[in-house]
Amino acid sequence: EAQVTQNPRYLITVTGKKLTVTCSQNMNHEYMSWYRQDPGLGLRQIYYSMNVEVTDKGDVPEGYKVSRKEKRNFPLILESPSPNQTSLYFCASSPRTGTGYSYGYTFGSGTRLTVV
Amino acid sequence: TQLLEQSPQFLSIQEGENLTVYCNSSSVFSSLQWYRQEPGEGPVLLVTVVTGGEVKKLKRLTFQFGDARKDSSLHITAAQPGDTGLYLCAGPLINFGNEKLTFGTGTRLTIIP
């Protein structure tokens, strides 16, 4: 089954304790992205990657890191989490199109992170 | 500044009624998509519209892309409880590549049995 898999689904952590949220896709998609979803603010892009070893900042990158060493994996790293990073996080992937329009994203099921 | 404004934010109607939700922007989009998100899950792509004025139908859902490619609407006929969810529109800004999507804040739809 074509899918984007995120782990963990739920995570409670303490301020300052480094954590990694994993994301893996099995569709051979070039483009991968991380979003956070907050009430009233919608989905905001954190980082994205156009291909292996190519990453770039989205709209809200502060406090996050990413890496893209393999095409299928795109982990999100919080080096020193703070309470304002409490949110619902989604990983998404998409093929590169070359057609002039987006094919749309396949999203993971989300990671609910609470930083206390 | 929110590039994609969705209205209404919340909508609660009885089963069997019709409804329309809107997605508006002052910017031009090369394409526009609609997603539905259920509680505890990620958004799921419903449709992509590409051409100005395009209309697509998905069973009881009708999607329209504005002629100027700045707005879109989603019309649901004879709503059912299974239509309940958060509806999101999204699109790539025309000068920012095809993969980087901007999302609206969504319309939370509740269908009352």
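Residue numbers (the numbering used here), protein chains in the order written: chain A, 6 to 121; chain B, 2 to 114.
Ideal Cβ placement from N, Cα and C applies to all residues, glycine included.
Quick caveat, the model's predicted, so the values are computed rather than measured.
At a cut-off of 8 angstroms between beta-carbon atoms, B/G105 makes contact with chain A. Pairing A/D64 with B/L59, the inter-Cα distance amounts to about 32 angstroms. Under the Cβ distance rule, B/Q65 does not count among the residues neighbouring chain A, no pair being separated by less than 8 angstroms. Non-local beta-carbon contacts of A/Q50 in its own chain, meaning distances under 8 angstroms to residues more than five positions away in sequence, involve S38, W39, Y40, G63, D64 and V65 in chain order.
Taken in chain order, the unbroken stretches of beta strand (DSSP E) that lie wholly in the region 28-62 of chain A and span 3 residues or more are 36-43, 47-56 and 59-62. Judged by pairs of C-beta atoms under 8 angstroms, the region 83-100 of chain A touches the region 114-121 of chain A, as three or more such pairs exist.
The beta carbon of B/P44 sits closer than 6 angstroms to the beta carbons of Y36, Q38 and L89 from its chain, once the five residues preceding and following it are set aside; these are given in chain order. Along the region 44-59 of chain A, going in chain order, the ones with a CB nearer than 9 angstroms to a CB of chain B are G45, L46, G47, L48, R49, Q50, Y53 and M55.
Of all residues in the region 74-102 of chain A, the ones placed with a Cβ closer than 8 angstroms to any Cβ belonging to chain B are F95, A97, S99, R101 and T102, in chain order. Under the three-state reduction of DSSP, B/G92 is assigned to strand. Chain B has a Cβ within less than 8 angstroms of the Cβ of A/Y110. Out of A/S54, A/E84 and A/N56, the CA that lies nearest to the CA of A/E67 is found in A/E84. Of all C-beta pairs linking the region 11-27 of chain B to the region 22-35 of chain A, fewer than three are shorter than 8 angstroms, placing the two stretches out of contact. Assignment of beta strand (DSSP E) within the region 18-97 of chain B, counting only whole runs of 3 or more residues, yields 20-25, 33-38, 45-50, 56-59, 62-66, 72-77 and 86-93 in chain order. When secondary structure is reduced to three states using DSSP, B/Q7 falls in the strand class. By the criterion of at least three beta-carbon pairs nearer than 8 angstroms, the region 23-34 of chain B is in contact with the region 67-82 of chain B.
Between A/V26 and A/P100, the C-beta spacing is not below 8 angstroms. The beta carbon of A/A97 sits closer than 6 angstroms to those of S38, Y110 and F112, all from its chain and outside the five residues before and after it, given in chain order.
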